[in-house]
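First residue of the sequence shown? That's 0 in numbering that gives the first Met the number 0, and the numbers climb one at a time after it. For every residue, glycine included, the Cβ atom is placed at its ideal position computed from N, Cα and C. Remember, it's a predicted structure, so these values are computed and weren't measured experimentally. Here the structure is laid out as structure tokens; the discussion comes afterwards.
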Amino acid sequence: MIDWLSKADNWTGLAAWAGFGLSIFQLLKSRTTLKLYLGCDRDEDRIYVSNLSAHDVTLSSAGVVTASGLLGMLSDEHSDEYMISPMLPRRLKARDEMILKVPFINKAQYNQVHHRGGVYVTTSDGKLFSDISWMRRRWWRLLSLILRDTKQ
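Following this line, the structure appears as structure tokens:
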């Protein structure tokens, strides 16, 4: 009788661990994941946004990451001449891609290739996605502060 109970507990534990693993898998699967890529044309920069999530995402703003690590928004009401096309906010379907066209005035592609720079988008729930990591943006900010102090 004791032998049967110990085997039953092992099977119950196995089912519990399988359920726990499945819940972790679903949690990771339901995360919002966007992939950004900066492209260039003769007249404009293009931000390619791919939604790798299993659900729709609403993009609320977009812009460039400057060489000093700061975010420069290009989709607000104060940047009329540099507006992104199509206008934001815009819904991006699950497993789909969108191309945001940005006027070439900021030369984001040139900055990314020759200096420091990149692009970012924010979602309607406030999450920021960038092709430049958080740590690298902070490093660029620190470098800009150090270099500014040494030039004075």
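Please classify residue i as buried or exposed, where buried requires at least 16 neighbouring CB atoms within 10 angstroms.
i, result
"Tyr119", "buried"
"Ala61", "buried"
"Thr121", "buried"
"Ser145", "In the sequence as displayed, the identity of residue 145 is Ile instead of Ser. Label assigned to Ile145: exposed."
"Leu73", "buried"
"Ile83", "buried"
"Gly12", "exposed"
"Asp55", "exposed"
"Gly20", "exposed"
"Thr65", "buried"
Please report the residue range of the beta strand (DSSP E) in which residue i lies.
i, result
"Leu70", "Leu70 to Met72"
"Thr121", "Gly117 to Thr122"
"Arg41", "Taken as a continuous stretch (DSSP letters only), Arg41 belongs to no beta strand (DSSP E), as it is neither H nor E."
"Arg94", "Careful: Arg94 lies outside any beta strand (DSSP E) and carries neither H nor E."
Secondary structure at residue i, three-state DSSP: helix, strand or coil?
i, result
"Ala61", "strand"
"Leu33", "strand"
"Ile98", "strand"
"Ser49", "strand"
"Ser129", "strand"
"Ser67", "coil"
"Ala17", "helix"
Between residue i and chain C, is the shortest Cβ-Cβ distance under 8 Å, so that the two count as touching?
i, result
"Ile98", "Absent from the structure is chain C; it holds one protein chain and no more."
Cβ pair count under 8 Å reaching 3, the region 135-142 against the region 34-44: no
With a cut-off of 8 Å, do at least 3 Cβ pairs link the region 85-101 to the region 49-67? yes
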